[in-house]
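Number of protein chains: 2
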Amino acid sequence: MGILCWPMLIAFSNFGKLASIAIGCLIGFPVAAAADEGMWLFNAPPLKQLKEKYNFEPTPQWLEHLQKASVRFNSGGSGSFVSENGLVITNHHVGADTLQKISSQEHNYLRDGFYARTQTEEIKSTDLELNVLMSMEDVTARVNGAVKPGMTSDQASSARNSAIAAIEKESKDKTGLRSDVVTLYRGGDYHLYRYKRYDDIRLVFAPEQQMAFFGGDPDNFEYPRFDLDICFFRVYENGQPAKIDNFLKWNARGPSDGELTFVSGSPGKTDRQLTLDELADTRDRWLPYLLRMFNRREVLELAYSARSFENARKARDDLFGDQNNRKRYDGYLAGLLDPQTWSALRAREQKLRDAIGRDPKLKSTTAAYDRIKRAEAEIAKNAPLYNYLEQERPSTVGYRGPRAFSGNLFKYARLLVRTIDERAKPNGERIPAFRDSAHESLELELFSTEPIYDDYEILRLNDSLTDFASQFGADNPLVQKVLAGKSPHARAVELVSGTKLKDLAARKDLYGKEAAALQASHDPMIDLARLIDRPARDARKIYDAQEETKKQAYSEIAKARFAIEGTSNYPDATFTLRLSYGTVRGYEQDGKQIPAFTDFAGLYQRSAEHDNKPPFEIPQRWIDKKSALDLSTHFNFVSDADIIGGNSGSPVVNKAGEFAGIIFDGIGRDAALRRRRSVQRAVPTNF
Amino acid sequence: MGILCWPMLIAFSNFGKLASIAIGCLIGFPVAAAADEGMWLFNAPPLKQLKEKYNFEPTPQWLEHLQKASVRFNSGGSGSFVSENGLVITNHHVGADTLQKISSQEHNYLRDGFYARTQTEEIKSTDLELNVLMSMEDVTARVNGAVKPGMTSDQASSARNSAIAAIEKESKDKTGLRSDVVTLYRGGDYHLYRYKRYDDIRLVFAPEQQMAFFGGDPDNFEYPRFDLDICFFRVYENGQPAKIDNFLKWNARGPSDGELTFVSGSPGKTDRQLTLDELADTRDRWLPYLLRMFNRREVLELAYSARSFENARKARDDLFGDQNNRKRYDGYLAGLLDPQTWSALRAREQKLRDAIGRDPKLKSTTAAYDRIKRAEAEIAKNAPLYNYLEQERPSTVGYRGPRAFSGNLFKYARLLVRTIDERAKPNGERIPAFRDSAHESLELELFSTEPIYDDYEILRLNDSLTDFASQFGADNPLVQKVLAGKSPHARAVELVSGTKLKDLAARKDLYGKEAAALQASHDPMIDLARLIDRPARDARKIYDAQEETKKQAYSEIAKARFAIEGTSNYPDATFTLRLSYGTVRGYEQDGKQIPAFTDFAGLYQRSAEHDNKPPFEIPQRWIDKKSALDLSTHFNFVSDADIIGGNSGSPVVNKAGEFAGIIFDGIGRDAALRRRRSVQRAVPTNF
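Sequences listed follow chains S and W, in order.
Quick note, the first sequence lines up with residues 15 to 701 if you use our numbering.
Quick note, the second sequence lines up with residues 15 to 701 if you use our numbering.
Right, dumping it as structure tokens:
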């Protein structure tokens, strides 16, 4: 998602009773005449803009404190430290992945919420990893130096990967920190990011999902809102709450209307530097593909959920994610189909291309646009195989499986087969997720204690195998090999009931083995992962080579842009730490003034308008305690800071560096784009 | 759908109180070791089979009575007369279309039900047409005689259509009856069907949808069931209840376990005579296409419905239809993806082809298979244009619009533009729906008093225009012309708010005009229909020519089959009257014996298992009156008669020709196919 929910004052000791709560929770998006664009690097902050527009000059200490108080959730979100003993606040919908995994038929923490009265009651997550960015270092020269003139795309890609692997390994060995080389400006720069890594994460508090996601899908990406979209975790080290030097002081007042605020978090992915050709492919192929997928999953999960409460519990987090994505990409597509947005994008590109064409030193860069177009066409051609067999797109956020094989059990099989094959290779030649520097994260994922439900695995695998057969045709030789003479349903039943990978001990045992022993295990799911490994890797190879071509071309364009516009710009989001800023304020919509803040009175009113029926029902204890609340207390708010998915859970910080709110959603759909356009910010964004 | 709900004894006079009700409602599907296959023509009934297996010999009078007591709902279903003063029983889900259209924000008859205490309280439908089959006549020779040797597919198609139009017009002029030439055996035979037509249809009774569709999507196409899926209409003539000679006597006992029963109704479409090549295209292209469409619509309607109760009311019937279709086609696809089913289909075709190859007189028919394959490949190539601009597939059930332009307002625009263009042509050259013989049905549709909701029209049109842009790419010239420089949403708003077609008087006025005057009206929706009329007609022309090629080829194969197997067979379903028969009995599933009957006790028990929550909630008055019911009363039942979608609402009749139950669903998904296969009936079916 990406908006703001702001807990102004939560009386934790009394939360069980809700007696003395005064909560404020708010929303933020880049709107209005003077919205502040930019997802800035912490090592290239917008000092000039802040000085000029707000007369505010953050000190290096201010920036470092905020950077180190910011926490990345590797499951796909942001958060921040808010106590010296490891307390982290994030969104409920960021914590939902863990809430789902630690729940059972007896304890539905995702739906019902949770509160640990003492530290001993805190519940350990199954596979959650948090990262805190400790340092950044420009390694562009070394990475690019590995690529020699005359290399093919393939060779260049290998050389670059190898250099990156070496840099990461050196850094990891030297510092003990998680070390990731991050590609910025789509290949313009490479920076080495070092993270402190936490993987003993315990749940402290979550409200009922109904309070966190009040209004459900209808209100999602909309405003005004009334959501308590928060939860708290605590990070542990060596079995003890971690000691945190950089945590955000809690501001009990919250921000005022018109106040300058900052957002520090990890926006996932923006497409602001894509060429028009690649955007056209996004609009006409990629987004329609994604929307078909999310529609399909949503229908599958809804139909399954309607069968029983227990089904609904098992599918809840997946359903939330798929509905959220469906609405997000619907909005993105609507934006790209708006001809005014499109002409603005065209004009922006044309302006840059004209400037490039006029400069004799840059002129050769013109060809880079065509190289991107051709590479994207190859990617499109290769997409069915790549998407269904390898993965949907490379993700920085853990594993994203191939579309043909949904479910956790295939995921484990793929990770095992790949781990064993990849570790036999030199570190520099491996797929990034299997490099030495990433092995702790890999093990966390593979050895997750997340529960596995056979019926839900079969449901998803049957559906994805059916989809696979529809995509390639049932007579396709690969489809026939995968289905092994069975119907998708019979094959899914056979695989799920035959595999031993449900068992953590079995996964640990196989993880220690060599390839031959893995094969000798004759686990049907592993055999399947093995069966499709060759064509999947072939598809990856094509994809990687074309991505490398694009990377080189984008790097040329980025250099030209630096030469023309100067370096006072920010790179597309890459799920790494960024700083945004903006003003808390209301806005006009369809001729109506929408105030910046909502309050508790509005929550009860909206629920009443819908007869307190789902998704607008308020939990009983909130109804019982209504009279104990000050109904004029601020609940949600909007600001015009620039955010996107991945920013969910980011702290909203005031000039004093205090925690003053939390991002939880963005006002999306085409409306947001249109508003951006009106302020000369015709940049398509995922939100 | 297609199953059985059987009202054993409904005390109508007391229904408001539900005091003395004893209801039985049951389900039927072709299963088990000796299931009875066949959807037989009333003029070629399975006399031999009935005599041999059941020692039952229906008399010509018995058949004629049943034929004339059977009623086709042109909105897509079946029913029967059950009183001499025009009372018709059908399924609630067949009547739902009308229940939706006569409802308003104040009166939600679809959800809440309805009961007219007196005839004056009965509510007139907005555009419902019922047909009663009066006679059948073989006109094959005359239709085929119009096609001369050496004609192209195009010419042959025109010649055949022209002959059909002439036959229909002659018959209509002579008898005053609706006259349709029906294509049987996919081109093997042509029969002239004459119908008595009723279009003053009034609602008498409907239960709450929650009772009609208890268990909702999860229980749909499943058994055991507990649904009161019925409603009653009354047909009027000249403002008075119609006098009906042939109506079914009500049997108050209902059928017994093991009893032979008959089903008389209009199954919509089966694919049992398709070649393997055409089935492969159905499996790999057509069904995946349909499922993507239904998924998309379901998500759209669910998201819209969740926003308010009024939205949910407006979208209810569409949502029901889309969910029903999604589950139906899911099951059909699963069947075709079952390799055992597929090999049985292959073996069946091979057997026929071998026999054809062995017979010197038939040998030339071998080439017909390849002609079908090539024609289907052309249809597939043309499908995007045909589906998005013209219609999804020709439908015998009223208008099925082009996918790019959802909603009633475009439908009216298309009907107006086409009516005016087509009536300028000789009757024999027109598109079938615009022939003289069909003009009453056309006017009923065009002058419907169904309410139009701007927001819902915009929602659907925006979605279908977006889908259209995704299908062809936003830069496609036709997409650009259609969108006219606007986003899909802005264009939908412009069209829906600008058109006058909401207004029935405006439609009537334009209907009387010539093409030039229509154009001069400058109605934006009419202009759009006009804009795409040329490419839409071009796509139709390609489609029709290929269908003609297939028709000729299938006709050859049908003749060869007659020669080899004799004529003791039945044609694929074509939404015309058929007779099926079967035995009421339980069956075994996953090693468990499922009894034939359910009862009221089971209804309350299933609801309790789901905490009486949707879709398993029982209306309050049913809860209040539980103690007044005999809980052991039969409610739903299964038989093994051969049925499919379109059969919904068909009467289940005993040997005495009495009404003993009503079809309301079929046990679908791949399970049904698998059972069929096990009894050597490896025929794929839509159900």
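The beta carbon of each residue, even a glycine, is placed where N, CA and C say it ideally should be.
Exercise for review: Would you kindly check if the distance between the Cβ of residue 597/W and the Cβ of residue 272/W is under 8 Å?
Suggested key: In the second sequence, counting from the first residue as 1, residue 272/W sits at position 258. In the second sequence, counting from the first residue as 1, residue 597/W sits at position 583. Yes, the Cβ-Cβ distance between residue 272/W and residue 597/W is below 8 Å.
Review point. Since residue 109/S is in the alpha helix (DSSP H), which residue starts that stretch and which ends it?
Key: Counted from its first residue, the first sequence places residue 109/S at position 95. Taken as a continuous stretch (DSSP letters only), the alpha helix (DSSP H) holding residue 109/S covers 106–115.
Practice item. List the residues of chain S that residue 312/W touches, going by C-beta distances under 7 Å, in chain order. Key: Position 298 of the second sequence, counted from the start, is the residue given in the question as residue 312/W. By Cβ distance, chain S contributes 313.
Review point. Under a three-way DSSP split, which group does residue 681/S fall into?
Key: Taking the first residue of the first sequence as 1, we reach residue 681/S at position 667. In this structure, residue 681/S counts as coil in the three-state DSSP scheme.
**Study point:** Contact set for residue 212/S: own chain, Cβ-Cβ below 6 Å, skip 5 residues either direction
**Key:** Taking the first sequence and counting its residues from 1, one reaches residue 212/S at position 198. Within the same chain, residue 212/S has close Cβ partners 144, 249.
**Study point:** Endpoints, the beta strand (DSSP E) within which residue 91/S is located
**Key:** Translated into positions along the first sequence, residue 91/S becomes position 77. Residue 91/S -> beta strand (DSSP E) spans 91–95.
Practice item. May I ask which residues mark the beginning and end of the alpha helix (DSSP H) holding residue 775/S? Key: The structure shown does not extend to residue 775/S, since chain S is modelled only from 15 to 701, so the question has no answer here.
Check your understanding: Name the DSSP beta bridge partners of residue 193/W, please?
Key -> Counted from its first residue, the second sequence places residue 193/W at position 179. Per DSSP, 208/W.
Review point. Would you say the segment 302–314 of chain W touches the segment 299–319 of chain S, given that touching needs at least three Cβ pairs under 8 Å?
Key: yes
Check your understanding: Within the chosen definition, does the segment 285–301 of chain W reach the segment 343–363 of chain W through at least 3 CB pairs nearer than 8 Å?
Key -> yes
Point to revise | For residue 127/S, the three-state DSSP class (helix, strand or coil) | key: The residue you call residue 127/S lines up with position 113 of the first sequence. Note: residue 127/S maps to coil in three-state DSSP.
Point to revise | Distance cut-off 7 Å: residue 310/W Cβ against heavy atoms of the ligand ATP | key: Among the components of this structure there are no ligands whatsoever, and the ligand ATP is therefore not found.
Point to revise | Residues that DSSP places opposite residue 138/W in a beta bridge | key: For the purposes of this step, residue 138/W is taken as residue 124 along the second sequence, with counting starting at 1. According to DSSP, residue 138/W bridges with 216/W.
Check your understanding: Taking Cβ-Cβ distances shorter than 7 Å, what residues in chain W pair up with residue 309/S?
Key -> Here residue 309/S corresponds to residue number 295 of the first sequence, with the count starting at 1. Under the 7 Å cutoff, chain W gives 309, 310, 313.
Check your understanding: Would you call residue 57/W buried or exposed, if buried means 16 or more other Cβ atoms sit within 10 Å of its Cβ?
Key -> Translated into positions along the second sequence, residue 57/W becomes position 43. Answer is exposed; the Cβ neighbour count stays below 16.
Practice item. At 7 Å on the CB atoms, spell out the chain W contacts of residue 484/S, in chain order. Key: As a working note, residue 484/S is residue 470 in the first sequence. Those within 7 Å of residue 484/S in chain W are 298, 302.
Check your understanding: Taking the alpha-carbon positions, what's the residue 137/S to residue 404/S distance?
Key -> The count along the first sequence starts at 1 and reaches residue 137/S at position 123. The count along the first sequence starts at 1 and reaches residue 404/S at position 390. Cα to Cα, residue 137/S sits roughly 34 Å from residue 404/S.
Exercise for review: For the segment 340–362 of chain S, enumerate the residues whose C-beta is nearer than 9 Å to any C-beta of chain W, in chain order.
Suggested key: 340, 341, 344, 347, 348, 349, 350, 351, 352, 353, 354, 355, 356
Practice item. Verify the CB distance criterion: does residue 503/S have a CB-CB separation below 8 Å to chain W? Key: As a first step, residue 503/S must be located in the first sequence, where it is residue number 489. With 8 Å as the cut-off, residue 503/S counts as an interface residue toward chain W.
Practice item. Please work out which residues of its chain come closer than 6 Å, Cβ to Cβ, to residue 382/S, disregarding the five sequence neighbours upstream and downstream, and give them in chain order. Key: Here residue 382/S refers to the residue found at position 368 when the first sequence is read from its first residue. Excluding sequence neighbours, residue 382/S sits near 567, 570, 571.
Check your understanding: Going along the chain, which unbroken runs of the alpha helix (DSSP H) with 4 or more residues stay wholly within the segment 270–299 of chain W?
Key -> 290–295
Review point. Residues in its own chain within less than 6 Å of residue 366/S by CB, not counting five upstream and five downstream?
Key: Taking the first sequence and counting its residues from 1, one reaches residue 366/S at position 352. There are no such residues.
**Study point:** Extent of the continuous beta strand (DSSP E) to which residue 593/S belongs
**Key:** Counting from one through the first sequence, the residue named residue 593/S turns up at place 579. That run of the beta strand (DSSP E) goes 592–597.
Review point. Name the chain W residues whose beta carbon is nearer than 7 Å to that of residue 629/S?
Key: For the purposes of this step, residue 629/S is taken as residue 615 along the first sequence, with counting starting at 1. Chain W residues near residue 629/S: 320.
Review point. Quick one: complete alpha helix (DSSP H) runs, 4+ long, within the segment 609–666 of chain W?
Key: 614–623, 634–638
Practice item. Using beta-carbon positions only, say whether residue 51/W and residue 656/W come within less than 8 Å of one another. Key: For the purposes of this step, residue 51/W is identified with residue 37 of the second sequence, where counting begins at 1. For the purposes of this step, residue 656/W is identified with residue 642 of the second sequence, where counting begins at 1. Yes.
Check your understanding: Buried or exposed: where does residue 68/S fall if 16 or more other Cβ atoms within 10 Å of its Cβ makes it buried?
Key -> Position 54 of the first sequence, counting from 1, holds the residue named residue 68/S. Its Cβ having fewer than 16 others within 10 Å, residue 68/S is exposed.
Check your understanding: At a Cβ threshold of 8 Å, is residue 616/W touching chain S?
Key -> Your numbering for residue 616/W matches position 602 in the second sequence. No, residue 616/W lies away from the interface with chain S (no Cβ there is under 8 Å from its Cβ).
Point to revise | Exposure of residue 296/S, with buried meaning 16 or more beta-carbon neighbours within 10 Å | key: Your numbering for residue 296/S matches position 282 in the first sequence. Residue burial is scored here from C-beta neighbours: residue 296/S has at least 16 other C-beta atoms within 10 angstroms and is therefore classed as buried.
Check your understanding: What residues in the segment 225–247 of chain W bring their beta carbon closer than 8 Å to a beta carbon of chain S?
Key -> Per Cβ criterion, the list reads 230, 231, 232.
Check your understanding: Which residues in chain W sit within 9 Å of residue 488/S, going by Cβ to Cβ distance?
Key -> The residue you call residue 488/S lines up with position 474 of the first sequence. Here the neighbours are 294, 297, 298, 350, 351, 353, 356.
Review point. Under a CB-based cut-off of 8 Å, is residue 500/S close to chain W?
Key: For this step, residue 500/S is matched to residue 486 along the first sequence. At least one C-beta of chain W is nearer than 8 Å to the C-beta of residue 500/S.
Check your understanding: Rounded C-beta distance between residue 402/W and residue 416/W? I'm assuming under 8 Å.
Key -> Here residue 402/W refers to the residue found at position 388 when the second sequence is read from its first residue. Here residue 416/W refers to the residue found at position 402 when the second sequence is read from its first residue. Rounded, the Cβ-Cβ distance is 6 Å, consistent with contact.
Review point. Which value, in whole angstroms, describes the spacing of the CA atoms of residue 185/W and residue 399/W?
Key: The residue you call residue 185/W lines up with position 171 of the second sequence. The residue you call residue 399/W lines up with position 385 of the second sequence. If I take the Cα positions, the gap works out to 35 Å.
**Study point:** Proximity of residue 321/W and residue 74/S at Cβ, strictly below 8 Å
**Key:** Sequence index remark: in the second sequence, residue 321/W carries index 307 (1-based). Sequence index remark: in the first sequence, residue 74/S carries index 60 (1-based). Cβ distance not < 8 Å, so residue 321/W and residue 74/S don't count as in contact.
Practice item. Going by CA-CA distance only, name the one from 170/S, 200/S, 262/S, 317/S that's closest to residue 664/S. Key: Looking up residue 664/S in the first sequence gives position 650. Here the closest residue by C-alpha is 262/S.
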